[in-house]
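Numbering (our numbering), first residue to last: 23 to 171.
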């Protein structure tokens, strides 16, 4: 592979990871609220009520608690996935004449997704635990307020 081809692979990997991290910044509040809704012991709150509870108790910025873990997860997962796929694609292009067959593309994407999932799992666990810490804090405040009164 030429130096230009290697530079292009690195650029695609870099841009793919950055784009995924940017998307995580926009969707993180929804992911945080999803964890809140999933961890309710008894379904008492809906989506809108959960948003108001989080904002009322901790402010608007609380919707972005754990954002760094979410961005880290996207950088590791998507970066590894794009990087591995591009490397495999580069090897496949040098070893085949013409376009890459569909079965080989499916195999390469499966390998890339598997490696990305393995690399992205620890930051994903951190992301969910940070989201749960916010819920735990709200529950402790509500329990204290109910017992103190």
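A virtual CB, placed ideally from N, CA and C, is assigned to each residue, including glycine.
Nothing here was measured: the structure is a model prediction, and the numbers come from that model.
So, are the CB atoms of residue 198 and residue 91 less than 9 Å apart? Any answer about residue 198 is impossible in this case: the structure gives the chain only from 23 up to 171.
So what's residue 150 in DSSP terms, helix, strand or just coil? helix
Rounded to whole angstroms, what is the Cα-Cα separation between residue 105 and residue 45? Residue 105 and residue 45: Cα-Cα distance of roughly 18 Å.
Residue 66 (DSSP reduced to helix, strand or coil): coil
Would you check if there are 3 or more beta carbon pairs closer than 8 Å linking the stretch 110–118 to the stretch 51–70? Pairwise C-beta distances place the stretch 110–118 out of contact with the stretch 51–70, as fewer than three of them are shorter than 8 Å.
Look up residue 122 in the DSSP assignment and say whether it is helix, strand or coil. coil
Option in 40, 72, 89 and 38 with minimal Cα separation from residue 150: Check the Cα spacing between residue 150 and each of 40, 72, 89 and 38: the tightest is with 89.
Supposed contact pair residue 93 and residue 47 - C-beta distance, whole angstroms, cut 8 Å: 7 Å
Rounded separation between residue 145 and residue 66 - CA only: 30 Å
Going by the beta-carbon positions, is the gap between residue 39 and residue 85 smaller than 9 Å? no
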